[in-house]
Amino acid sequence: MKKETPLDFPVDDLISQRWSSRAFDPSFFLDEKAMCSLFEAARWAPSCYGDQPWKFIAYNKQDATAWARILNCLSVGNQNWAMDASLLIVVCANTKFNHNGEPNRFGQYDTGAAAENLCLQATSMGLSAHQMGGFNSEKTRELAKVPKDFDIMACIAVGRALNEEDLSVEQKEKESVQRKRKPINEIYSINEWK
Ligand SMILES: Cc1cc2nc3c(=O)[nH]c(=O)nc-3n(C[C@H](O)[C@H](O)[C@H](O)COP(=O)(O)O)c2cc1C
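If you use our numbering, the sequence shown closes out at 177, no skipped numbers anywhere.
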């Protein structure tokens, strides 16, 4: 389903077409090539010192056992819709620089940039990517064997969003909520903080 983005100024279609669907086509499976395109997009994100502090752990629904385990790490509210996605991705950020082992205060910033690259790549491929903070971090760390030097930032559900005509009444109600943002003059100012 496409969703209207009320723009005050023009932006690239890729930006306005990305949104976080909660209604995925349960019959859709993502092949490895498509999955790798998502990670390729993440790979080319900028990072402090070119350090690439991100690490992504992917769970494809085709591997039903592993899929069920990661799904179980999500909050119940997220499980309800993420179960129909095709791919679940655990997003991790290195707290230390790869090149010298010193603390990296940009690790989370850079990983967020890589995650957004991934989400936009999904949009460009006709897919939908939905980031989540609602998951059990300890359970996820144990399951995915994430080393302690990495923070677990988010999970991302990726899949093919259902067409509007295929949504249930309940899904339609949730999916048709209007997109909203702060006014643009609240998010930037010129020369000094206002
Ligand atoms: C770090 C992060 C955590 C989020 N956590 C959740 C979540 O647990 N569950 C959920 O349904 N959406 C979650 N979202 C999605 C946001 O609610 C969504 O991005 C926001 O409402 C803006 O909508 P849009 O992505 O469609 O533009 C999260 C997004 C981000 C970036």
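Think of the CB as a built atom: it goes at the ideal place given N, C-alpha and C, for glycine as much as any other residue.
Which word fits residue i, buried or exposed, when buried means at least 16 other C-beta atoms lie within 10 angstroms of its C-beta?
| i | result |
| --- | --- |
| Thr123 | buried |
| Trp176 | exposed |
| Lys44 | buried |
| Pro130 | exposed |
| Gly109 | exposed |
Would a C-beta distance cut-off of 7 Å place residue i and residue j closer than the cut-off?
| i | j | result |
| --- | --- | --- |
| Ile167 | Asp(-9) | yes |
| Asp134 | Thr78 | yes |
| Ile72 | Phe39 | yes |
| Arg1 | Thr106 | yes |
From this set, the options, which residue's C-alpha is nearest residue i's C-alpha?
| i | options | result |
| --- | --- | --- |
| Phe11 | Ile53, Tyr32, Asn100, Asp67 | Asp67 |
| Ser30 | Phe89, Ala137, Tyr42 | Phe89 |
| Arg26 | Gln104, Lys163, Glu125, Lys(-14) | Gln104 |
| Thr(-12) | Ser172, Asn81, Arg162, Asn87 | Arg162 |
| Asp149 | Pro130, Asp(-5), Val(-6), Pro9 | Pro9 |
| Thr48 | Glu156, Asp(-4), Leu126, Ser172 | Leu126 |
| Lys128 | Lys165, Asn87, Val74 | Val74 |
List the whole-angstrom C-beta distance separating residue i from residue j, where the pair is believed to meet the contact cut-off of C-beta under 8 Å.
| i | j | result |
| --- | --- | --- |
| Tyr42 | Leu70 | 7 Å |
| Leu101 | Ala24 | 5 Å |
### Any 3 or more C-beta pairs closer than 8 Å across the segment 0 to 8 and the segment 59 to 70
yes
### Query
Do the segment 131 to 146 and the segment 114 to 123 meet, that is, are 3 or more Cβ pairs less than 8 Å apart?
yes
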